[in-house]
Amino acid sequence: MTQTSDNVTWLTQEAYNQLKAELEYLSGPARTEISVKIAAAREEGDLRENGGYHAAKEEQGKMELRVRQLTQLLEHAKVGEAPADDGVVEPGMVVTIAFDGDPDDTVTFLLASREYASADIETYSPQSPLGIGVNGMRKGDVAEYELPNGKMARVKILEARPYDG
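Under my numbering, the first residue of the sequence shown is numbered 333, with each subsequent residue one higher.
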């Protein structure tokens, strides 16, 4: 899954199905479970000093936030194939870059949203400074982007190919 614009997230069918299943669980059985926890903790008495109650309410808040995130993500999802193998750096591509043009100082990463992050490859968001800098570039192009400390960094695009997950 990768970002194709500010509002649309590209997802493989498998990623869409996983996120949909998570949303269904959080919206159904998980809500019931947390309601039971809250009710049981409430019966213990004074809510001001009831650690179990406060912990359950905090858990409920985190779960509801995740439900909202998943709902928004899935509402704007586009299920489909990986981007074309045209050498253009875009979300869904595995990109190899050389820092300051040094061919020995290279990094290979997946340009994608965090939901698509994999243990197999480092993932950078299309909205990260590096992601913004390399998006739309081609093999051989040099991109500049601003580091968090305000300095500029330069990278050369060595390769861009679709992620085969």
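Cβ coordinates follow ideal geometry from the N, Cα and C atoms, glycine included. Please read these numbers as outputs of a predicted model, since none were measured by experiment.
*Tell me, please, which residues DSSP counts as bridged to Lys488.*
Note: Lys488 sits in a beta bridge opposite Ala430 and Val474.
request  = Starting from Val411, follow the beta strand (DSSP E) in both directions and report where the run begins and ends.
outcome  = Element bounds for Val411: Ala409 to Val411.
Pick helix, strand or coil for Val368, following the three-state DSSP scheme. Val368 sits in a helix when the DSSP states are folded into three classes.
Are Ile453 and Arg470 close, meaning C-beta to C-beta below 8 Å? Against a cut-off of 8 Å, the Cβ pair of Arg470 and Ile453 comes out as no contact.
Problem - Between the CA atoms of Gln392 and Tyr495 - distance to the nearest angstrom - result: Approximately 35 Å between the Cα atoms of the pair.
Self-check item: C-alpha distance - Phe431 paired with Val487, whole-angstrom precision
Solution: The C-alpha of Phe431 lies about 4 Å from the C-alpha of Val487.
query = Any idea what DSSP makes of Tyr456, helix, strand or coil?
reply = Assignment of Tyr456 by DSSP, reduced to helix, strand and coil, places it in the strand class.
Checklist entry - Shortest alpha-carbon distance to Thr341 belongs to which of Arg493, Gln404 and Leu479? => result Residue nearest to Thr341 within the set Arg493, Gln404 and Leu479 is Gln404 (criterion: CA-CA distance).
Q | Beta-carbon proximity list for Lys352, same chain, < 7 Å, skipping 5 on both sides | A | Same-chain partners within the cutoff: Leu406.
> Apart from the five residues just before and just after Tyr456, which ones in its own chain have a Cβ nearer than 7 Å to its Cβ?
Replying inline: The answer, listed in chain order, is Phe441, Leu443, Leu462 and Gly463.
Q.
Between Gly424, Ala372, Val420 and Val399, which has its C-alpha nearest Lys410's C-alpha?
A. Minimum Cα distance to Lys410 is reached at Gly424.
- Counted within 10 angstroms of its Cβ, other Cβ atoms place Val426 as buried (16 or more) or exposed: Buried.
Original post:
DSSP beta-bridge partners for Thr403?
Top reply: Note: Thr403 sits in no beta bridge, so no partner.
Q. For Ala362, which residues of its own chain have a beta-carbon under 8 Å away from its beta-carbon, when the five flanking residues on both sides are left out?
A. By the criterion of a C-beta distance shorter than 8 Å, Ala362 is surrounded in its chain by Met395, once the five residues flanking it on both sides are discounted.
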